[in-house]
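> Let me begin by handing over the structure; questions about it come next.
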Ligand code: UD1
Ligand code: MG
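Residue numbers (our numbering): 27 to 497.
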């Protein structure tokens, strides 16, 4: 048989459990912390540690888990009935090479780092098997790890099965192992559910393995890596810690966070150096920011691309938008999917932009709706202007040429075109194209009624009423 150190490395993630204590319809490993599902963090750690293949054991909510976490380097095996962690790992055997070093991870232990996986691999390379342990002040429901005088594994005892003395042990099983296959599968076949939970424990197989070869104990650099998420409380703690890692990385890369406790950033977000994020800023999904951006309080961005030097004023919501260098957005602005702002454009108070391109230096500063429109460079869209893009059945486009001036409260009934440098009078309803350079006024002409005043009208009303009462 090949030496363990020379066998291919495959990660196996146990993720079939129901997670009863979450009190949820959703599979436990799909609950999100720090901006992604718990399981995705584990898969990402395996990837970063150089695992080219990962097998996930799914069961509870299998279809949902597979759909959410599918990737070319990830395979799934089904554990139809959840009979314990040992039974779960046994299901993976058919999907694995005959000889391998397995990095066995738990789908609910999301803080595991690539460094720990490297350490497990290295430790297993020597003796053949290794597991991660942590010293905790409050070991709670985690399995307790008893060591031999030489410092390798003697026995793992689940909290539910532990004696009073064993419960006092502070060294816990983090649920992360490097185990040789096929040897571990031989141990799994011998398991019996003779314990408090009536389950087939992986921990019993690891204990049995320690009778044949030393199982190295790898202490975690940071005990938080051992945090397993079994309750909503633990989910909240994991969320804080994972988010904290993302924010630390941003600060290390030269981003100022004025109130990190109130900033939420998803892990794949990229922020250019010298950008400043005020408190209550949320950056989600595939968002990227260039250098020197300033995001004020209450900016909420999802899947957006911002250039350099963009300022987002307070309480603006941007989704699926592209914003060029030096643009200003907000306060209280809304950019919806397909909004594209060229260099230096300005979208101000209570303006909504959807599926529209605003040219360089163009402005829509107050109370406007710009939907399905192409706005030329330097155009100005007045307060209250609306592109009426929807006729109840279909959407139509509006074109506004470079340097055009759309007067306040203009209704542009699409499809319609306002030519370059053209102007529309305030309050106009524009239904026909406006040639370049022209002024279009589309509203009722004002009529002044000479000598009409409210006082005179009221006097007339009063005298009419007194005439009526004399009848
Ligand atoms: C397990 C360990 C415990 C360790 C802890 C670390 C065992 C018996 N105990 O306990 O020593 O301290 O993890 O977090 O292994 N799962 C399946 N199929 C099953 C049961 C579980 O896939 O039939 C999966 C779960 O989805 C979960 C992982 O295995 O991702 C761990 O299972 P869980 O029930 O959370 O075990 P713990 O009680 O946390
Ligand atoms: Mg657990």
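C-beta atoms are modelled at their ideal positions from N, C-alpha and C, and glycine is treated no differently. Quick caveat, the model's predicted, so the values are computed rather than measured.
Would you decide whether residue 32 is buried or exposed? Buried here means 16 or more other CB atoms lie within 10 Å of its CB.
exposed
> Sort 425, 469, 422 by Cα distance to residue 435 and report the nearest one.
469
> Alpha carbon to alpha carbon, how far is residue 302 from residue 320? Give it in angstroms, no decimals.
5 Å
> Just to confirm before moving on: does the CB-CB distance between residue 335 and residue 318 stay below 8 Å?
One thing to note: residue 335 has its Cβ within 8 Å of the Cβ of residue 318.
> Taking C-beta to C-beta, are residue 226 and residue 86 nearer than 8 Å?
no
> On the DSSP letters alone, give me the boundaries of the beta strand (DSSP E) that residue 286 sits inside.
No beta strand (DSSP E) holds residue 286; DSSP gives it neither H nor E.
> Is residue 114 near ligand 1 - that is, is its Cβ less than 7 Å away from at least one heavy atom of it?
Indeed, a heavy atom of ligand 1 lies less than 7 Å from the Cβ.
> Return yes when at least one heavy atom of ligand 2 lies under 7 Å from the C-beta of residue 50, else no.
Checking every heavy atom of ligand 2 against the Cβ of residue 50, none is found closer than 7 Å.
> Report the rounded CA-to-CA distance for residue 455 versus residue 363, giving the unit in angstroms.
For residue 455 and residue 363, the distance between alpha carbons rounds to 27 Å.
> Count the other CB atoms, across all protein chains shown, that sit within 10 Å of the CB of residue 474; report buried if there are 16 or more and exposed otherwise.
exposed
> Inspect the beta-carbon positions of residue 397 and residue 375 and report whether they are closer than 8 Å.
no
> Does the beta-carbon of residue 256, which I'm using as the reference point, lie nearer than 7 Å to any heavy atom of ligand 2?
yes
> Pop quiz: residue 179 and residue 241 are said to be a contact at Cβ under 8 Å. What is the actual Cβ separation, rounded to whole angstroms?
4 Å
> Here's a check: name, in chain order, each residue in its chain whose Cβ is nearer than 7 Å to the Cβ of residue 116, leaving out the five neighbours to either side.
211, 214
> Residue 41 and residue 84: beta carbons closer than 8 Å?
yes
> Any idea which residues DSSP pairs residue 63 with across the strands?
58
> Output needed for residue 141: all residues of its chain with C-beta closer than 6 Å, excluding positions within five of it in sequence on either side, in chain order.
none
> How about the stretch 255–271 and the stretch 185–203: do they share at least three Cβ pairs that are nearer than 8 Å?
no
> Look up residue 305 in the DSSP assignment and say whether it is helix, strand or coil.
coil
> Which class does residue 120 belong to by DSSP, given the choice of helix, strand or coil?
helix
> Between which two residues does the beta strand (DSSP E) holding residue 170 run?
170–173
> Under the DSSP definition of a beta bridge, which residues are partnered with residue 326?
308, 343
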